[in-house]
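Below is one structure, written out as structure tokens; comments come after it.
Chains as they are written, first to last, in the UniProt record's numbering: chain A, 1 to 504; chain B, 1 to 328.
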């Protein structure tokens, strides 16, 4: 430990009101290394990255660059201090050509060209508009632009996610070459394969704290997963299991074959039976958003088929999916609610959607169905005149109650318990199990892995736009799901059985 | 100790008043209307009599009807700037066709351009997603252009206002304006439609959160097409009524009602951003604007000063009203 770290951050914390996004994070990056930054969803990775690149200010902590405290008050200041990020989304302005984009950011053109060539794009025309270039090339250009600024520390956020294999290899080569000159790279990725190929060490975050720093050696994956999970591997009660797999006869309620959509969903196939709650587990941005949007009729898949009750269907509008009894509850409540309207109007909204129900409202019938749904979900209706006056949990209940009242046969729930209180969460789990017992089916994406065993009958794990594993609920604990979500094979997981939850 | 004492009280008076206003948004508007009438009576004692009221109502009705178009479109986050053109076209066609045709056929022909403009607006906004402001402004200009061409072709044949329309527009029966025969059913239709039909619900839903409406299966373009056609038809019928009131067709007949129709809806508490409001408030808003116009005319100010005052008062009233009613 004689070399002074290039970047030395310690005790970094960030509070949003009473919520701590980051409690005590530290990150030491030596000159000449590629350093992986890892952590489960919500561990604080992106908050730390934003702090290091000057996008937000930390509430506490000390950040030294080459042993000096440098101001990181803005992205420009961070760049002057030698920290340059390459974000997940392309950062070139689509309506300008490449030359203008470079001019705008003060990027030297000659080194940029050299880097682009070195990264495996030989024939770039600087007069091309950014919008006309494919995503993979844009990512390469972002990287080349960062490289030509000669940063001390480069942050690569999911750099290789959108790249085809040959480009990804070139990127890894270039990054390896770059650190030989004494610079360093912070590499954020969900792919262990790449981390093993590229990185020297890894810092692992959990619940806003740095829980360990490890050298990347063969077989370290298990240790990293263990650290990301920490002592939370306690067993949750398996809620489901009661369901008899043989009970449902006839064609599956929903059958998805080779579905692809957008740039992230590659090839997903699965079946959803009547009376089943199937969990979908994936890290951020693995195509789950596109999967749900396609099943809900919000976007058109580019490939693959969807069949409902054995009949192939094509959804051009959410109305088509609803006509088949498929309802979508988005994760973001503001996407689903009429905030200025009453609870009743919100719940009754699907009733009026079809042309033939544009006439006078069936007030009595509507009141009956709405109050039954309110009762069933125990929605607190004291502030029912405007949904925006309700608490978050009650708002979420309204988005579900709508489809209970409309008697949808299949509900697609996208992270419905995010940011709501424990009691409401429990009520939602119970409700979904009740629905399944009545023969309805639920597709349930969750970012809180422990929910899978509370609610689901099995877990479909999606990684890189594909189904990588389907776990029966009995073994779908947090550890197994995390391994699967990172694309690790199931067998390796069961070998080193060390549930001791060792602390680093 | 004093702190705990205040905590025991249900809520501060100001807060309670706001709650009440928020639940009964019509009350402050009616109070304002009464105050304006009071000021008028104070300035010119004896002016407020049966004849004055009938006259005010008569002039408020066309404004309120065009404001119905604004209310409905504003609920979806839109606006209909073509209403004055549509009304003028209907009136002009009516007057020109009545020379040769019976009133019913002439009326049917007169409403044809309204229908066409409504369909064009609906398709432009609903299908091609042109901003309503631009779309309706565009169709309005096209409409005026067509009307100028049409005027040249019929300039020789002259114009005639059917007696029925004059009776409806200007006539009184027992001191009550005949125009109410048209207005009461229209107003009842709009209010009931907004409150008690699926279509009305969808207008609020689309304006509040189009994405949420879509996820609930609402097909935006259908709602918008139906809305702009309905808006244009009401504007066309208003044009016929207004012809009966003014009795001289011109190329700018209904123009003076255009911006006040937007103002009436806004004063009446309909949010220009969509999702909030209703027609009852708009009707009171139209009455307020009509009384305000009388009041300013009475002060015998020069035209410029009158306009300045009118604009300033509209702004003040709207701002104050939103503060009063918005309980958040």
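All C-beta atoms, glycine included, are put in the ideal place defined by N, C-alpha and C.
Residues of the same chain with a CB within less than 6 Å of the CB of residue 122 of chain B, apart from the 5 flanking positions on each side, are 224, 225, 228 and 229 in chain order.
When DSSP states are grouped into helix, strand and coil, residue 440 of chain A belongs to the coil group.
Not one beta carbon of chain B lies nearer than 9 Å to the beta carbon of residue 416 of chain A. Taking residue 82 of chain B as the centre and dropping the five residues before and after it, the same chain places the C-beta of 117, 121, 136, 137, 139, 140, 143, 232 and 235 closer than 8 Å to its C-beta, in chain order. Closest in alpha carbon position to residue 326 of chain A, among A:281, A:400, A:425 and A:477, is A:400. Chain A places a beta carbon closer than 9 Å to that of residue 208 of chain B, counting this residue as a contact. About 7 Å separates the beta carbon of residue 427 of chain A from that of residue 377 of chain A, a gap short enough to meet the 8 Å contact definition.
Between the C-alpha atoms of residue 4 of chain A and residue 215 of chain A there is a straight-line separation of about 18 Å.
The beta carbon of residue 293 of chain A sits closer than 6 Å to the beta carbons of 299 from its chain, once the five residues preceding and following it are set aside; these are given in chain order. For the region 324-345 of chain A, the set of residues with a beta-carbon nearer than 8 Å to any beta-carbon of chain B comprises 328, 330, 334, 335, 336, 337, 338, 339, 340, 341 and 345, in chain order. The beta strand (DSSP E) runs of length 3 or more contained entirely in the region 45-82 of chain A are, from start to end of the chain, 60-65. Judged by DSSP secondary structure, residue 194 of chain A falls outside any beta strand (DSSP E) and instead within the alpha helix (DSSP H) spanning 192-198. Its chain contains 292, 329, 330, 331 and 445 as the residues whose beta carbon lies nearer than 7 Å to that of residue 414 of chain A, once the 5 sequence neighbours on both sides are disregarded; these appear in chain order. 211, 212, 213, 214, 215, 216, 217, 218, 219, 222, 223 and 226: these are the residues of the region 210-229 of chain B whose beta carbon lies less than 9 Å from some beta carbon of chain A, given in chain order.
Here the region 379-399 of chain A makes contact with the region 339-355 of chain A; the two share three or more CB pairs at distances below 8 Å.
With the criterion set as a beta carbon lying under 8 Å from some beta carbon of chain B, the members of the region 346-364 of chain A are 348, 349, 350, 351, 352, 353, 354, 355, 357, 358, 359, 360, 361 and 363, in sequence order. Residue 13 of chain A sits in a strand when the DSSP states are folded into three classes. DSSP lists A:326 and A:441 as the bridge partner or partners of residue 410 of chain A. Residue 150 of chain A has its alpha-carbon roughly 24 Å from the corresponding atom of residue 47 of chain A. Contact between residue 95 of chain A and residue 131 of chain A holds, with the beta-carbon distance rounding to 6 Å and staying under 8 Å. The shortest C-alpha to C-alpha distance from residue 357 of chain A to any of B:299, B:199 and B:296 is the one to B:199. Counting C-beta pairs closer than 8 Å gives three or more between the region 34-43 of chain A and the region 194-212 of chain A, which meets the contact rule. If only uninterrupted alpha helix (DSSP H) runs of at least 4 residues are considered, those enclosed by the region 244-308 of chain B are 255-267 and 279-298.
Under the DSSP assignment, residue 88 of chain B falls in the alpha helix (DSSP H) whose first and last residues are 83-97. Taking a 10 Å sphere around the C-beta of residue 148 of chain B, we find fewer than 16 other C-beta atoms and assign the residue as exposed.
The CB of residue 318 of chain A comes closer than 8 Å to the CB of 214, 215, 216 and 217 in chain B, given here in chain order. Note on residue 368 of chain A: under 16 other CB atoms within 10 angstroms of its CB, so exposed under the neighbour-count rule.
Straight across, the Cα-Cα distance linking residue 383 of chain A with residue 243 of chain B is about 48 Å. Look at the beta carbons and you see the region 158-171 of chain B not touching the region 42-53 of chain B: under three pairs across the two are nearer than 8 Å.
The alpha-carbon of residue 140 of chain A is positioned some 20 Å away from that of residue 262 of chain A. About 5 Å separates the CB atoms of residue 405 of chain A and residue 347 of chain A; that is less than 8 Å, so the two are in contact. Distances from the alpha-carbon of residue 464 of chain A to those of A:476, A:320, A:67 and A:283 put A:283 closest. Non-local beta-carbon contacts of residue 138 of chain A in its own chain, meaning distances under 7 Å to residues more than five positions away in sequence, involve 90, 92 and 130 in chain order.
Listed along the chain, the chain A residues whose CB falls inside 9 Å of the CB of residue 71 of chain B amount to none; the nearest CB is some 15 Å away.
Between the beta-carbon of residue 53 of chain A and that of residue 85 of chain A there is about 4 Å, and that keeps the pair under the 8 Å contact cut. When DSSP states are grouped into helix, strand and coil, residue 59 of chain B belongs to the helix group.
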